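Chains as they are written, first to last, in this note's numbering: chain A, 1 to 164; chain B, 1 to 401.
Glycine included, C-beta positions come from ideal geometry on N, C-alpha and C.
Model, not experiment: these values are computed from the prediction.
Right, one structure below, let's go through it.
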């Protein structure tokens, strides 16, 4: 639906922001070679939740863009932040919108606000959770788990969250 | 929330009130997977819009479409199909979604400056037919955006039903919105589709009890909260109000247009006002231009991919207070003949057809002519709220005196 495709930015089709999911065999695992988020996955592999902070003004930038949204400077530093936060919102998905999601159902994709960096919402998935026990603003904490998808080779350690 | 956070802006629009009329409207057949091509669908809608207006292809000297959507009807397609060769002004600011509301603004500028006099806007999709070849169906445009592909999709936050179920959940948390409120919207759409022979869901009934007994798809959404996937399209023709008076239909004029934009684009996860739409920016511009308030609107339509998007736009356009959408839709008669605020009187994206809003504009025009399938008695003012996520737009149409 395209509330979407029509996005001004989605219209540019620029290679910096767009790339066919169909042509990447590791999809829907994240692409570890995609520069803007490289530090996120390196942090997860080291057991840290790292975010991009502007090397010039120090502002956190999420999502990590090529230049700072605050001061327009280029150059970021990936810094570890605390993994405690609150559950901003979530949904309980019982339909495989991608065939690769099939073995994960029901799954609970969620947005988490970090206690240390309240301006940021992390897109993640809740694990070890009983969906009937969830509520917005519940306290959560990060855990690092290997993400795998049915039919897709390999795995990537990513930050997921659970109730605390 | 939207009042305290800087999260978007309104476009500075000139006053075009009373300059342009919509003089012809046409819908292609709205169907399940049909094997038709997108362009074939668009041509059918255009032929019907021309017939409706009593105009011929030779009269059209302006064409608007959305080049970033696949296979839309271009000026070359139009000339080739109809065998015409006149000069044609072309705008890429056409199509459905928010553009179905702002195309009349662009048309007004072109007519003012003499670049065109009769302007066609069309939009079509064959997504029911093409669905199996798309990654995530209509989510494909999102999955190919690399921030989403890397930072959202791996976590299952994809596609649109998941985004908007998450927004709905937060709306429920902040404002106490109940499932019955979402259900009231779905049921009103279906009741209108049941009266509309062109609606995909024409023969399928839905009561509130039916709705509440359906299983969750993406909790808190049921399938009934989500738009259809269908093949179809629509078109409309615009000209000056002066010229419209010489044509065959009652004159429906553009009274107001507004456009609002969110800074965070299609990254809903990061939108500061998470449970709002950019209608908070677009609406006041359009209503001021039209010289009306929401209480004067007889027919409400809006881009409605999900029930919550209708609820939020009702709030953001000022039909009720922010957060009051739930009580508003459960205490207001939403049907065409109920004397309250009739919404999505053709069935909307939920129950009429998934043609991304362009058919909503045709529906409002028919309402103001008095020829709609589920007619609102005496309707004089109708609106279409356009939406893409990053942007929202408001179109106020009025029966001309």
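*Given residue 188 of chain B, which residues of its chain have a CB within under 7 Å of its CB, disregarding the five upstream and five downstream residues?*
Once the five neighbours on either side are set aside, the close Cβ partners of residue 188 of chain B are 334, 335, 343, 344.
*Is there a Cβ from chain B that is less than 9 Å from the Cβ of residue 125 of chain A?*
Closer than 9 Å: yes.
*How big is the Cα-Cα spacing for residue 162 of chain A and residue 73 of chain B?*
Between residue 162 of chain A and residue 73 of chain B, the C-alpha separation is close to 49 Å.
_If you measure between the beta carbons of residue 77 of chain B and residue 116 of chain B, is that distance less than 9 Å?_
Contact: no.
*asked:* Please confirm whether residue 33 of chain B has its beta-carbon closer than 9 Å to some beta-carbon of chain A.
replied: Answer no: the Cβ-Cβ gap between residue 33 of chain B and chain A never drops below 9 Å.
*What are the uninterrupted segments assigned as alpha helix (DSSP H) that are 4 or more residues long and contained completely in the region 258 to 325 of chain B, given in chain order?*
The region 258 to 325 of chain B contains these whole alpha helix (DSSP H) runs: 279 to 290, 307 to 316.
*Closest Cα partner of residue 56 of chain B within the set B/33, B/65, B/330, B/24*: The residue among B/33, B/65, B/330, B/24 with its C-alpha nearest the C-alpha of residue 56 of chain B is B/24.
_C-beta contact flag for residue 392 of chain B and residue 273 of chain B at 9 Å_ = Residue 273 of chain B is positioned such that its CB atom lies no closer than 9 Å to that of residue 392 of chain B.
*the region 50 to 65 of chain A: positions lying closer than 8 Å to chain B by Cβ*: Under the 8 Å Cβ criterion, the region 50 to 65 of chain A contributes 62, 63.
_Amino acids of chain A, ordered along the chain, whose beta-carbon sits closer than 7 Å to that of residue 219 of chain B_ = Those within 7 Å of residue 219 of chain B in chain A are 91, 92.
*Between the beta-carbon of residue 26 of chain B and the beta-carbon of residue 236 of chain B, is there less than 9 Å?*
Taking 9 Å as the Cβ cut-off, residue 26 of chain B and residue 236 of chain B qualify as a contacting pair.
*9 Å Cβ cutoff met for residue 91 of chain A and residue 219 of chain B*: The answer is yes: Cβ separation under 9 Å.
_Neighbouring residues, chain B, relative to residue 39 of chain A (Cβ below 9 Å)_ = Ordered by position in chain B, no residue passes the 9 Å Cβ test against residue 39 of chain A, which lies about 12 Å from the chain.
*So, helix, strand or coil for residue 63 of chain B, using DSSP?*
In the structure shown, residue 63 of chain B sits in a strand (DSSP, three-state: E or B).
*By Cβ distance below 6 Å, which residues in the same chain neighbour residue 122 of chain A in space, the five residues on each side in sequence not counted?*
Hits under 6 Å: 112.
*Let me know the secondary structure DSSP gives residue 354 of chain B once reduced to three states.*
Three-state DSSP puts residue 354 of chain B in coil, outside helix and strand.
*So, is residue 32 of chain B buried or exposed, given that buried needs 16 or more other C-beta atoms within 10 angstroms?*
Classification for residue 32 of chain B: exposed.
*Decide if residue 39 of chain B is buried, meaning its Cβ has at least 16 other Cβ atoms within 10 Å, or exposed.*
With 16 or more other CB atoms across the displayed protein chains lying within 10 angstroms of its CB, residue 39 of chain B is buried.
*Would the beta-carbon of residue 59 of chain B fall within 9 Å of that of residue 249 of chain B?*
No, Cβ-Cβ distance for residue 59 of chain B and residue 249 of chain B is not below 9 Å.
*Alpha-carbon spacing of residue 341 of chain B relative to residue 323 of chain B, whole angstroms*: A straight-line Cα-Cα distance of about 18 Å links residue 341 of chain B and residue 323 of chain B.
*Note down, in chain order, each residue of its chain lying with its Cβ closer than 8 Å to the Cβ of residue 298 of chain B, except the 5 sequence neighbours on either side.*
Answer for residue 298 of chain B: 342, 367, 376, 378, 379, 380, 381, 382, listed in chain order.
*residue 66 of chain A burial status per 10 Å Cβ neighbour count (16 or more: buried)*: So residue 66 of chain A ends up on the exposed side.
_Short of 8 Å Cβ to Cβ, which residues in the region 359 to 371 of chain B face chain A?_
For the region 359 to 371 of chain B, the beta-carbon criterion of a distance under 8 Å to any beta-carbon of chain A is satisfied by none of its residues.
*Measure the C-alpha to C-alpha separation of residue 356 of chain B and residue 78 of chain A and round it to an integer number of angstroms.*
Looking at the two C-alpha atoms, the distance is approximately 40 Å.
*asked:* Counting C-beta neighbours from all protein chains within 10 Å, is the total for residue 305 of chain B 16 or more, i.e. buried, or is it exposed?
replied: By the neighbour-count rule (16 or more Cβ atoms within 10 Å), residue 305 of chain B is buried.
*Please work out which residues of its chain come closer than 8 Å, Cβ to Cβ, to residue 320 of chain B, disregarding the five sequence neighbours upstream and downstream, and give them in chain order.*
For residue 320 of chain B, same chain residues with a beta-carbon under 8 Å away, outside a window of 5 residues either side, are 314, 327, 328 in chain order.
*Since residue 54 of chain A is in the beta strand (DSSP E), which residue starts that stretch and which ends it?*
That run of the beta strand (DSSP E) goes 49 to 54.
*asked:* Check for me: the beta strand (DSSP E) holding residue 383 of chain B runs from which residue to which?
replied: 381 to 387 is the span of the beta strand (DSSP E), which, as asked, contains residue 383 of chain B.
*Assuming residue 358 of chain B contacts residue 100 of chain B (C-beta within less than 8 Å), just tell me the rounded distance between them.*
Contact holds; Cβ gap of about 5 Å.
_Pull the bridge partners of residue 141 of chain A from the DSSP assignment, please._
A/84, A/162, per the DSSP bridge assignment.
*Are any of the Cβ atoms in chain A nearer than 9 Å to that of residue 149 of chain B?*
Chain A, which has a Cβ nearer than 9 Å to the Cβ of residue 149 of chain B, makes this yes.
*Note down, in chain order, all residues in the region 265 to 278 of chain B with a beta-carbon under 8 Å from any beta-carbon belonging to chain A.*
Answer set for the region 265 to 278 of chain B: 265, 266, 267, 269, 270, 274.
*How would you list, in chain order, the residues of chain A whose beta-carbon sits under 7 Å from the beta-carbon of residue 212 of chain B?*
Per Cβ cutoff of 7 Å: no residues; residue 212 of chain B is ~17 Å from chain A at best.
*DSSP three-state call for residue 216 of chain B: helix, strand or coil?*
Reduced to three states, the DSSP call for residue 216 of chain B is strand.
*When burial is assigned at 16 or more other CB atoms within 10 Å of the CB, is residue 82 of chain A buried or exposed?*
It counts as exposed.
*asked:* Which residues of the region 168 to 181 of chain B have a Cβ closer than 7 Å to any Cβ of chain A? Give them in chain order.
replied: Result list: 169, 170, 173.
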